[in-house]
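The sequence shown begins at 32 in my numbering and counts up one residue at a time.
In this text, a Cβ means the ideal position worked out from N, Cα and C, and glycines have one as well.
From a predicted model like this one, the values you see are computed outputs, not experimental measurements.
The block underneath contains the structure these notes are about, expressed in structure tokens.
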Amino acid sequence: MRAVLTWRDKAEQCIYDLAFKPDGNQLILAAGNRLLVYDTSDGTLLQSLKGHKDTVYCVAYAKDGKRFASGSADKSVIIWTSKLEGILKYTHNDSIQSVSYNPATHQLASCSSNDFGLWSPEQKSVSKHKSSSKITCCSWTNDGQYLALGMFNGIISLRNKNGEEKVKIERPGGSLSPIWSICWNPSREERNDILAVADWGQKLSFYQLSGKQIGKDRPLNFDPCCISYFTKGEYILLGGSDKQVSLFTKDGVRLGTVGEQNSWVWTCKVKPDSNYVVVGCQDGTISFYQLIFSTVHGLYKDRYAYRDSMTDVIVQHLITEQKVRIKCKELVKKIAIYKNRLAIQLPEKIIIYELYSDDSSDMRYRVKEKIVKKFECNLLVVCSDHIILCQEKRLQCLSFSGVKEREWQMESLIRYIKVIGGPPGREGLLVGLKNGQILKIFVDNLFAIVLLKQATAVRCLDMSASRKKLAVVDENDTCLVYDIHTKELLFQEPNANSVAWNTQCEDMLCFSGGGYLNIKASTFPVHQQKLQGFVVGYNGSKIFCLHAFSISAVEVPQSAPMYQYLERKMFKEAYQIACLGVTDTDWRELAMEALEGLEFETAKKAFIRVRDLRYLELINSIEERKKQGETNNDLFLADVFAYQGKFHEAAKLYKRSGHENLALDMYTDLRMFEYAKDFLGSGDPKETKMLITKQADWARNINEPKAAVEMYISAGEHVKAIEISGDHGWIDMLIDIARKLDKAEREPLLMCAHYFKKLDNPGYAAETYLKIGDLKSLVQLHVETQHWDEAFALGEKHPEFKEDIYMPYAQWLAENDRFEEAQKAFHKAGRQGEAVRVLEQLSNNAVVENRFNDAAYYYWMLSMQCLNIAQDWFDTPSPCSPTPLPLHTEDPAQKDTMLNKFHHFQHLAELYHCYHAIHRYTEEPFSSHRPETLFNISRFLLHSLTKDTPLGISKVRTLFTLAKQSRALGAYKLARHAYDQLRGLYVPARFQKSIELDSLTVRSQPFHDNEELVPLCYRCSTNNPLLNNLGNVCINCRQPFVFSASSYEVLHLVEFYLEEGIIDEEAVSLIDLEAPRHKRENKWQEITGNNSQTLRLDETMNSMGDDDPFTAKLSFEQGGSEFVPVVVNRSVLRSMSRREVLIKRWPPPLQWQYFRSFLPDASITMCPSCFQMFHSEDYELLVLQHTHCPYCRRRIDDPSP
């Protein structure tokens, strides 16, 4: 620390107090009964303020800079503005000893001998508080909450801002140690408020706000008159009876003297936010000093040690940024560091520290030795076992025990000294003198070695890593570099204040000066960049710069010197520079340059750095080729140029080396086809085709599909052309390609067809499939596009595809709710199982949904399906085979099962057909059927339900309908029976009342049936009861009745069977023969009288005669319980008329059924599809209504049976 007097002035009276304006521009002094205002920059007296009548003892400035206050022996306090105008004055009962402004609220505290007052701009009056003793000084805390009062009786009173005492501190000396000056530490970094107290017991002490003392009292050996902190609280100024101002640390350690005076120092203050100090003395002297804190530090490689707070040493690792603080508690004068040694010079001793371990990152130091002696030196250097002291022209070498071992006397002043390394105890030193001489000294050698001598004084020195070159900065700020062996000046550079060689690279150094950092490699031009400070070290890519009081490691890319080496093709040296630290871009540039220079080893290392595997593969391939004996550098360089994108240069080198094919491949891969054509061989068609194909591939990749298609076609790559055309939907181009292709080129044609289908052009797809003869795909196309007519036509020509057509057709119909057609399609497809399952599901759904007419139709279709399945087991009869022949013999039970199902489903169809009318009658308010029809239907249904009742058919509804119609038609006996049957059944609530009422009223009717309703058997002419226990057969002859499928009246038909040996075709031919018949004689005789005409039956004639051979066959044995069918022979068949016979021509394996009509004039119509019989009038009416058969729904315009 060094104090420089800036200006000085002398007043006529004693200077008791002073205050700085917060901005530091003005200084207010209390001199006599006046206030003197000075300009701090040059010491000019600006103004002398009058206002007090007696001596001014104190002055204070508000922190906001708007006001200041002065207190005087005239018992008054005057408030002044910053414009030096008095605005307010108030008084106390005694002289004013101290004033202080609250830094937060700008409240003014004024202290007198027996009280203190608090004034603020907001208050009109001053609140005053009594004091137990004379108040000598006061000070506010940083936050303005508490005020400390120092008293003459040795007591310190801590009060809040309202004047109430909170803490009372009694000093040990009491009234013998008056408190003369106090001050709170202004630092906001401290955890607690710290009060510095100076008393006339010649002690300096520190207290917390709680009143607790910090540490022990520190003796001063003089009476302190003033104490003041620096703005940031790091130092303390003390002045008093010793006629000087001393600088202390914030902990009370004395650091030195600021300035010595001729009389007592009554006041001293620090200019805000600066290192300027002003001192006021008893004799009126005002001195303004600037304090200069010199940097005390040491550096060795990556460890930097520097002084902090004047008494501490901080060692910083510049790479890891770790720091360690060593507290010395005394003024640190010098610091030296070397390897694992650290030397610290204190005022009375030198302490040598060492590291705990040899770890390069270890930051733990311990004391090794202490030399308890006072030394005066300019420079301090530490070695492994010695301390070197520089004293002007003399160097002394001391052991760690303090024994002087050697001494060197120089010709001139020593300006610079540096340890350059060496074995422990034999280290070498570089010494630069003011006369320009540079020496090398070994600590174990008494004789110094003169390296060289220059004309100018030395300011800085450094030696290269190999100790072959020496860099010197002289007093003219010139950096000079010498060859140590030849003493030759290699080069020099201006504007240098410090220099350092790179510890990792022999030819690189850096120097600073003029606000720039200069990096120089070898003899290349200097590279500059802006940087403030001094260069103190250069390690790899890190440059250590000292700026102000801190050192920083600056990461400097070594790009500039690397490029300088590259310009001269010095690849190995450039690689060494790059290793110090360059960017990835610089590494890549080095790699490329080395590769072009065919320096493969350097290029390989550089590409490894940037992890470029592609170029590493290229280098490895070149090295392998070189191992195999290839030596054509042009070819190697061509590959390099190709990798770098310099394709034309590569092509020229390929051609020059006789490898035009490589140039062709390169241009082809790059899609540079125009250039590739220049390297084609002598019209080789394969190469031309290959080139066109690759050109098309490129056009496709760059989204030029039309051009690609044309190129593919010209190259014969039809598949790729079709693929592009199809993907882009170009139908015209696909048609053109498909029609030009030969039908033998199956793959491209199939691809064309695929795209035609995908693009919804089935016509062209069909044309393509026909061209290659792929009928299966054509069928599939028609099916997929649902062009069923074309598919059916194709199926007729090629039956092998029927299943492929009708199966999906059936599925399509089913998906569109056309189940009946779907069933037929399944049947045509030969999928009988699916057809049956569809019908079964349809039938079941119709029953569940009460659509009994539809259920009847589906069950009829289901029966016919079963019959068809059974028919597949038999061949059609041939003329020589009277019966059908079975086609399958492995499972004959299948036929019987299907036939049983046929009869069962036929029966269900009849039942549901009947029940449809009954269900509608019971559900709907009106019925279209006559009562006789409903009567016949319900009676037929009741006789048919002899066993289990099918699903959906209600016996209650059937009996209810029968009872209603029987009662209406006069069949009271049958009605009473029906009502009796209903009593044993569960009757819905809506029928119960009607049934109970009708069952009562019917009993009032006679117990017999209407004779007109009784059915007649046309075989035996027996009247059958309305309620027949045998069912729908005659109770006498057991002949089954034949009913009309609409009115369910008994038809005048009798079924007969053919005699064994007669086949159906023969029987039909005999019936159609129309043989001549004998004329039947008239059995009646006419007798004519005068007035009358009489007929008489001739009883002589045989009533039976030979009227009809069939009638004779109707006879049967009376009383038999078994049914005896009517069997006819050939003669009977010949006697029959074709109009009298109805034939149910069932397909095999069923036999045909034959019926003889006994009333030929009463016309009966039989449906050729379902073989149900109707009265012709009823059938025609129903067909006209529905345009189809009411039972099987065969349309009238359907020619098929």
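Exercise. Who pairs with Lys1233 in a beta bridge, going by DSSP?
Worked result: Given a span of 32 to 1232 for the chain in the structure shown, any question on residue 1233 remains unanswerable.
Problem set entry | Straight-line gap, Ser432 to Ser415 (C-alpha atoms, nearest Å) | Numbered from its first residue, the sequence shown carries residue 432 at position 401. Numbered from its first residue, the sequence shown carries residue 415 at position 384. Cα-Cα distance, rounded: 13 Å.
Problem set entry | Closest residue to Cys312 among Asp1095, Ile366 and Tyr47 (Cα-Cα distance) | Indexing the sequence shown from 1 puts residue 312 at position 281. Of all alpha-carbon atoms in Asp1095, Ile366 and Tyr47, the one lying nearest the alpha-carbon of Cys312 is that of Tyr47.
Exercise. Taking Pro592 as the reference, which of Val585, Arg425, Glu604 and Glu586 has the closest Cα?
Worked result: Against the sequence shown, residue 592 aligns to sequence position 561. Taking each of Val585, Arg425, Glu604 and Glu586 in turn and checking the Cα distance to Pro592, the smallest one comes out for Glu604.
For this session: From the DSSP output, in three-state form, read off Trp297 for me.
Result: The residue given as residue 297 occupies position 266 in the sequence shown. Here Trp297 sits in strand by DSSP.
For this session: Return the bridge partner residues of Val462 from the DSSP annotation.
Result: Reading the sequence shown from its first residue, position 431 is the one you call residue 462. Beta-bridge analysis with DSSP links Val462 to Ile448 and Leu470.
Exercise. Which residue from Asn1055, Gln659, Val35 and Tyr1049 puts its Cα closest to that of Val309?
Worked result: One-based indexing of the sequence shown puts residue 309 at position 278. Among Asn1055, Gln659, Val35 and Tyr1049, the Cα nearest to that of Val309 is on Val35.
For this session: Output yes or no for whether 8 Å exceeds the beta carbon distance between Gly315 and Gln138.
Result: Walking along the sequence shown from the start, residue 315 turns up at place 284. Walking along the sequence shown from the start, residue 138 turns up at place 107. With contacts defined by Cβ atoms closer than 8 Å, Gly315 and Gln138 do not form a contacting pair.
Exercise. Where does Asn967 land, buried or exposed, given buried means 16+ other C-beta within 10 angstroms?
Worked result: Residue mapping note: residue 967 aligns to position 936 of the sequence shown, counting from 1. With 16 or more Cβ atoms within 10 Å of its Cβ, Asn967 is classed as buried.
For this session: Could you spell out the range, first to last residue, of the beta strand (DSSP E) harbouring Pro250?
Result: Translated into positions along the sequence shown, residue 250 becomes position 219. Taken as a continuous stretch (DSSP letters only), the beta strand (DSSP E) holding Pro250 covers Gln244 to Pro250.
Problem set entry | DSSP three-state assignment for Asp273, whether helix, strand or coil | Locating residue 273 in the sequence shown gives position 242, counting from the first residue. The answer is coil: DSSP assigns Asp273 none of H, G, I, E or B.
Problem set entry | CB contact below 8 Å: Trp1183 versus chain C | In the structure shown, chain C does not exist; there is a single protein chain.
Problem set entry | Rounded C-alpha distance that separates Val878 from His935 | Position 847 of the sequence shown, counted from the start, is the residue given in the question as residue 878. Position 904 of the sequence shown, counted from the start, is the residue given in the question as residue 935. Our two residues, Val878 and His935, have alpha carbons roughly 16 Å apart in a direct line.
Exercise. Straight-line CA distance for Arg498 to Ile653?
Worked result: Residue mapping note: residue 498 aligns to position 467 of the sequence shown, counting from 1. Residue mapping note: residue 653 aligns to position 622 of the sequence shown, counting from 1. Distance between the alpha carbons of Arg498 and Ile653 is about 40 Å.
For this session: Whole angstroms is fine: what's the gap from Ser188's alpha carbon to Ala227's?
Result: For the purposes of this step, residue 188 is taken as the residue at position 157 of the sequence shown. For the purposes of this step, residue 227 is taken as the residue at position 196 of the sequence shown. A straight line joining the alpha-carbon of Ser188 with that of Ala227 spans about 14 Å.
For this session: Whole angstroms is fine: what's the gap from Val557's alpha carbon to Ser590's?
Result: Taking the first residue of the sequence shown as position 1, residue 557 is located at position 526. Taking the first residue of the sequence shown as position 1, residue 590 is located at position 559. Each residue's Cα considered, the two are about 12 Å apart.
Problem set entry | Endpoints, the alpha helix (DSSP H) within which Cys610 is located | Along the sequence shown, one-based indexing puts residue 610 at 579. Per DSSP, Cys610 belongs to the alpha helix (DSSP H) from Phe602 to Leu611.
Problem set entry | Rounded separation between Arg1161 and Leu1089 - CA only | To locate residue 1161, count along the sequence shown from 1; it is residue 1130. To locate residue 1089, count along the sequence shown from 1; it is residue 1058. One Cα belongs to Arg1161, the other to Leu1089, and the distance between them is close to 9 Å.
Exercise. Which residues share a DSSP beta bridge with Gln422?
Worked result: Along the sequence shown, read from residue 1 onward, the residue named residue 422 stands at position 391. In the DSSP assignment, Gln422 forms a beta bridge with Arg425.
For this session: For Thr616, count neighbouring Cβ atoms within 10 angstroms of its own Cβ and tell me buried if that reaches 16, exposed if not.
Result: Within the sequence shown, the letter at position 585 stands for residue 616. Per the 10 Å Cβ criterion, exposed.
Exercise. Looking only at its own chain, which residues have a Cβ that is under 8 Å from the Cβ of Gly1062, when we skip the five neighbours before and after it?
Worked result: Within the sequence shown, the letter at position 1031 stands for residue 1062. His974, Ser975 and Thr977, listed in sequence order.
Exercise. DSSP on Lys499, reduced to helix/strand/coil?
Worked result: What you label residue 499 is simply residue 468 of the sequence shown in a count that begins at 1. For Lys499, the three-state secondary structure derived from DSSP is coil.
Exercise. Hey, Ile1174 and Val1099: beta-carbon distance below 8 Å or not?
Worked result: Locating residue 1174 in the sequence shown gives position 1143, where the first residue counts as 1. Locating residue 1099 in the sequence shown gives position 1068, where the first residue counts as 1. Taking C-beta atoms as the reference points, Ile1174 and Val1099 count as a pair closer than 8 Å.
Exercise. Glu458: buried (16+ other C-beta within 10 angstroms of its C-beta) or exposed?
Worked result: Within the sequence shown, residue 458 is the residue found at index 427, counting from 1. With 16 or more other Cβ atoms within 10 Å, it is buried.
Exercise. Can you check whether the CB of Ala104 is closer than 8 Å to the CB of Ser126?
Worked result: In the sequence shown, the residue the question calls residue 126 occupies position 95. In the sequence shown, the residue the question calls residue 104 occupies position 73. In this structure, the beta-carbon distance from Ser126 to Ala104 falls below 8 Å.
For this session: Report buried or exposed for Pro209, applying the criterion of at least 16 other Cβ atoms within 10 angstroms of its Cβ.
Result: Position 178 of the sequence shown, counted from the first residue, corresponds to residue 209. Flag for Pro209 reads buried.
Exercise. Just how far apart, CA to CA, sit Arg338 and Tyr121?
Worked result: Sequence index remark: in the sequence shown, residue 338 carries index 307 (1-based). Sequence index remark: in the sequence shown, residue 121 carries index 90 (1-based). Their Cα atoms are separated by approximately 50 Å.
Exercise. Rounded to the nearest angstrom, how far is the Cβ of Pro1179 from that of Gln902, given a contact under 8 Å?
Worked result: Position 1148 of the sequence shown, counting from 1, holds the residue named residue 1179. Position 871 of the sequence shown, counting from 1, holds the residue named residue 902. Taking the Cβ atoms as the reference, Pro1179 lies roughly 6 Å from Gln902, within the contact range of under 8 Å.
For this session: Grab me the residues of Arg1226's own chain with a C-beta within less than 7 Å of its C-beta, minus the 5 sequence neighbours each way, in chain order.
Result: Reading the sequence shown from its first residue, position 1195 is the one you call residue 1226. Within the same chain, Thr1218 and His1219 come within 7 Å of Arg1226 by CB-CB distance, once the 5 residues on both sides are set aside.
For this session: Quick one: using the 10 Å Cβ neighbour count with 16 as the cut-off for buried, is Thr989 buried or exposed?
Result: Residue mapping note: residue 989 aligns to position 958 of the sequence shown, counting from 1. Its Cβ being crowded by 16 or more others within 10 Å, Thr989 is buried.
For this session: Below 6 Å CB to CB, which residues in the same chain sit around Arg1007 once its five sequence neighbours on both sides are set aside?
Result: Your numbering for residue 1007 matches position 976 in the sequence shown. Non-local C-beta neighbours of Arg1007 in its own chain, meaning closer than 6 Å and more than five positions away in sequence, comprise Val1033, ordered along the chain.
Problem set entry | Cβ pair count under 8 Å reaching 3, the stretch 395-404 against the stretch 436-452 | Short answer: they don't touch.
Exercise. DSSP three-state call for Gly545: helix, strand or coil?
Worked result: What you label residue 545 is simply residue 514 of the sequence shown in a count that begins at 1. In the three-state scheme derived from DSSP, where H, G and I count as helix and E and B as strand, Gly545 is classed as coil.
Exercise. Cα-Cα, which of Ser340, Val355 and Leu349 is closest to Val363?
Worked result: The sequence position of residue 363 within the sequence shown is 332, counting from 1. Comparing C-alpha distances from Val363 to each of Ser340, Val355 and Leu349 shows the shortest one belongs to Ser340.
Exercise. To which residues of the same chain is Lys465 closer than 6 Å at the C-beta, ignoring the five residues directly before and after it?
Worked result: Working through the sequence shown from its first residue, we reach residue 465 at position 434. Once the five neighbours on either side are set aside, the close Cβ partners of Lys465 are Ser443, Leu444, Arg446 and Ala488.
For this session: Just confirm the distance between the C-beta atoms of Asp1029 and Leu1057, as a whole number of angstroms; I'd bet it's less than 8 Å.
Result: Walking along the sequence shown from the start, residue 1029 turns up at place 998. Walking along the sequence shown from the start, residue 1057 turns up at place 1026. Contact doesn't hold; Cβ gap of about 17 Å is too wide.
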